[in-house]
Every structure is written in structure tokens, then in C-alpha cells.
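Encoded as C-alpha cells, the structure appears first; notes follow it.
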Amino acid sequence: MKTNLKSMRWHIGVFGPTNAGKSSFINWLTQQPVAITDPTPGTTTDPVEKTMELLPLGPVVWYDTAGYNDNTMLGEERVKKTREILQRIDMAVLVLDGQTWGKQEKDWIHQFNKMKIPFLIVVNHSDYIPLNESIEKELNENQYPFLTISSIYSDDQDRTLIKNQLSKLLPDKIWVEKPLLQGIVHENDLVALVIPIDLSAPKGRIILPQQQVIREIIDQKGLSMVIVPEKIPLLSHYCNRKPDLLITDSQAFEEVFRLTPPDIPVTSFSILFAHQRGNFEQLLQGAFHLRKLKKGDKVLILEACSHHPTSDDIGRVKLPLWLKEYTGEEIECEVYSGHAMPSKLESYQLVIQCGSCMLNQREVQNRINEISNAGICVTNYGLAIAEMKSHLDRAIYPLGYSYTKDALSCAGRIP
Ligand code: SF4
Numbered sequence: 002m003k004t005n006l007k008s009m010r011w012h013i014g015v016f017g018p019t020n021a022g023k024s025s026f027i028n029w030l031t032q033q034p035v036a037i038t039d040p041t042p043g044t045t046t047d048p049v050e051k052t053m054e055l056l057p058l059g060p061v062v063w064y065d066t067a068g069y070n071d072n073t074m075l076g077e078e079r080v081k082k083t084r085e086i087l088q089r090i091d092m093a094v095l096v097l098d099g100q101t102w103g104k105q106e107k108d109w110i111h112q113f114n115k116m117k118i119p120f121l122i123v124v125n126h127s128d129y130i131p132l133n134e135s136i137e138k139e140l141n142e143n144q145y146p147f148l149t150i151s152s153i154y155s156d157d158q159d160r161t162l163i164k165n166q167l168s169k170l171l172p173d174k175i176w177v178e179k180p181l182l183q184g185i186v187h188e189n190d191l192v193a194l195v196i197p198i199d200l201s202a203p204k205g206r207i208i209l210p211q212q213q214v215i216r217e218i219i220d221q222k223g224l225s226m227v228i229v230p231e232k233i234p235l236l237s238h239y240c241n242r243k244p245d246l247l248i249t250d251s252q253a254f255e256e257v258f259r260l261t262p263p264d265i266p267v268t269s270f271s272i273l274f275a276h277q278r279g280n281f282e283q284l285l286q287g288a289f290h291l292r293k294l295k296k297g298d299k300v301l302i303l304e305a306c307s308h309h310p311t312s313d314d315i316g317r318v319k320l321p322l323w324l325k326e327y328t329g330e331e332i333e334c335e336v337y338s339g340h341a342m343p344s345k346l347e348s349y350q351l352v353i354q355c356g357s358c359m360l361n362q363r364e365v366q367n368r369i370n371e372i373s374n375a376g377i378c379v380t381n382y383g384l385a386i387a388e389m390k391s392h393l394d395r396a397i398y399p400l401g402y403s404y405t406k407d408a409l410s411c412a413g414r415i416p
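In the working numbering, the protein residues as written are 2 to 416.
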């Protein structure tokens, strides 16, 4: 995996009690002053994030977290933030000293196992705190992977050992191995990208998902052109061939569907991302659930990163308006931005989440699981908008999906 995108890096959380040497471990391993170290307990408060290249793992994001045994009022808040990190990490390092092994450590290991997060135990401070024999016996009996180091005296050989151990823990296959356009765009295909320049378009640049798609078209040796929606009718005038695919910002679906001849396949950036990250069929079922919404129902709109809302904001203005037009009813919408989700999901009838381009796969997956475990349907922006603009079938066709209108549960790949 080679990437500079944060969402596509390995995310590693470092956990442990206060003063176990979490920060000094990260600094020692990376040989950089990544984390703040101080003998005063509780120096790391909110989780500290640091991106870097760490061979042989490749690009990673470290999360240096607050000690989980902080019992102060402020400590409770810190521990909550530390726990939230579990949602987005691909692996965990539990840093302890050689005399610490109790209920809290076992609870954290239980939590890693429950969330299927591979972990490594690092017993730090071996230069002045020897590993207790009974703790060593218990780690061995449970077959927990552990290594003993001193972040002051351990050398390159130990660093290599730990990095190799971490790299063995990496999940075998993750979504980044599957390109966004695999099987969808082929060599010499002509792809038209439709990017509306409205109030919410950032000044002077195009956003990350759009950049990623352009890069992938180049990788596939295809041809791309970037246009605004109103230029779609000119495509036939300027090109001596029809585009093989048109990929649009989902917000422009209505205009794009209206202007694009029916023989040109159409999908959206956000639908491509949903397709790449798995759970596509589940999100598709969520889009069908829009048909069941009724007066007074509540819809949760999740945006994975915060931005300054504009007067035509997708989550706060357009989606609520389109939901009202589509259902003909008053639908209550609530918007949540960032990594957190409301604790009482049961009060919503549907969750619509953004393209989640800033989240890694594990966090997207955990979000979807948490919503589904609460018995709530979930879909994403692109699928929801395509459904509300009456062209869901057309928007999923380029990805090889179709469904019969009278049997919604039959959504599936076209054989
Ligand atoms: S994470 Fe979501 S809200 Fe943030 S830029 Fe990506 S799609 Fe938009």
C-alpha cells in the first residue's frame, strides 16, 4: 500500500496506563519526536495524531492516547476519546511496564479481540522495571504477542523486530487494494467527470475524491475530461465519440440525468466510494428504505468531517429539502459532523452518510455495523440522491448492479 492519503494509511493506536511509556515508545520506534514525553502522569491528554512513513509497514497514522487509568473528572473525558480511537485503527499497541497487569489491561485486550483489532503488547522500561515472572507466564499462556524493550537503551535490532512484528499483524486484504474503477473503466475509455462549481465548491481546487478518480483514470490509461453540468449537451459537439462513463458529483444528479443521453452510463463519486469500501448492497437496501419514510420520521445525516456550512449545504439544506419533496412529508433531519455519532441511534428511521472520503475503511465499517446493530437502515449520499431523483437504477448500473422495482430485496449484481 503506497499512498499519501490519510484515509488510506494504516492507523495504529497506542494504548496503556499513564506513564507506561507510550509516547517514549513511539518516539523510540520512529526515531522522531512524534509524541510529547514527560514524567508527569497524564501528559498526553487528547489523542495525538501523527502521519509518517514507517518501513516495512508503509504510510501510517499513529494515535498516541491518554492513559486509560486516569480517574479524574477530566480523565473520564480523555478515556472516552481514547476509546473512540478504537473505531478507526487497524491495529493496536498496548504499552505496559513489567509490573502492570490487571483488570484494565485484560479489558483492553478483550475489547481489541471483540473488535477484531490485531494487537502487540510492548513491555517498556525494561532498563529499570523487570518483567514480573507471573505476568510473563500469563502472557505466554494466553499466547499474547509481546516484546520487551527499553525506549532508552534498545537498539535498531529491537526496532526492526517490533516493526516486523507489527507488519505481520496487518490485515491481509483491505479495500485500498481494490482500485475505485477496477472493472468499471478500461484502457482508452473516455470518462467525463462532472463537477458543479457552486457555493460549496472549494475555491481554486477540486476535492479529494475527484482527484482520486482522475488519478485512477490515468492509472487505467483512460481519457478524462472535467466539465460543469451545463456543458453536458456540448459533449457530442466536441467529442467524436460518446463518453464510456460519466461520473458526477451526486448533488448534480438531477441536472445530469436530465441532460445526459440515456445511452451514456452515469454514476457518482460517492457511489464509487461506497462500492469500493464494501457493504454496497447494504447501503443500496438503505436507499430503498427511503420509500418507507413517513411523516414525523427522523433521518440522521452523518458527515465525516466538519466544514463551514454554506447556504446551499448538502447535509443541512439540500438533503432535507429533497427528502421533503420526495416523500411529500415533513421529515425531521439531524446532522452530525466528525467522528462521533449520537448515542441513541434507535430514534432514527434512516441514516444517510456522506461519501466518507476522509475515513479509513475500518471506521466506515464500524459505523455501518454500529448503525445496523441498532436495527437502523443506512445508505449514503449518492445512493440516496439517485433514489430521490428517480434514477437509482441508472446510477448503479455502471457498477454491475440492478434491481427489480417490485422486489426491492432482489438488489444484486448483474450476472
Ligand atoms: S468525509 Fe464526507 S463530508 Fe468530508 S469531504 Fe469526504 S464526503 Fe465530504
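We put the beta carbon where it would ideally sit given N, CA and C, even for glycine. Since this is a predicted model, take the numbers as computed values, not measurements.
G356 has its CB nearer than 7 Å to a heavy atom of the ligand SF4. Leaving aside the five residues that flank L284 on each side, the residues in its chain whose CB is nearer than 6 Å to its CB run, in chain order, A275, T380, N381 and L384. The three-state secondary structure of Q354, taken from DSSP, is strand.
The DSSP-derived three-state label of H12 is strand. The secondary-structure analysis by DSSP pairs Y64 across a beta bridge with G14 and E50. Secondary structure at Y145: coil, using DSSP grouped into helix, strand and coil.
Of the residues D190, K243 and E256, the one whose Cα lies closest to the Cα of P197 is E256.
Within the region 158-226, complete alpha helix (DSSP H) segments of at least 4 residues are found at 209-220, given in chain order.
Assignment of beta-bridge partners to S338 by DSSP yields E304. Following the DSSP letters along the chain, one finds V318 in no alpha helix (DSSP H), marked with neither H nor E.
By a beta-carbon distance limit of 8 Å, E304 contacts V336. Their separation comes to about 7 Å. Around the CB of N165, fewer than 16 other CB atoms lie within 10 Å, so the residue is classed as exposed. The residue from Q32, I13, W11 and H392 with its alpha-carbon nearest to that of S155 is Q32. For L346, the closest alpha carbon among the candidates F113, T52, C306 and V300 is that of V300.
For the options Q252, P262, K232 and F258, the alpha carbon positioned closest to that of K243 is the one of P262. In the three-state reduction of the DSSP assignment, A93 falls in the strand class. Judged by the Cβ position, I208 qualifies as a neighbour of the ligand SF4 at the 7 Å threshold, a heavy atom of the ligand being closer than this. Taking D199 as the centre and dropping the five residues before and after it, the same chain places the C-beta of Q252 and D313 closer than 8 Å to its C-beta, in chain order. In terms of Cβ geometry, D250 and V195 form a close pair [threshold 8 Å]. By the Cβ neighbour-count rule, Q144 is exposed, with fewer than 16 other Cβ atoms within 10 Å of its own.
Taking the Cβ atoms as the reference, G99 lies roughly 5 Å from P131, within the contact range of under 8 Å. Residue range L246 to T249 is occupied by the beta strand (DSSP E) that includes L246.
The C-beta distance from L247 to A202 rounds to 18 Å, too long to meet the 8 Å contact threshold. Assignment of E255 by DSSP, reduced to helix, strand and coil, places it in the helix class.
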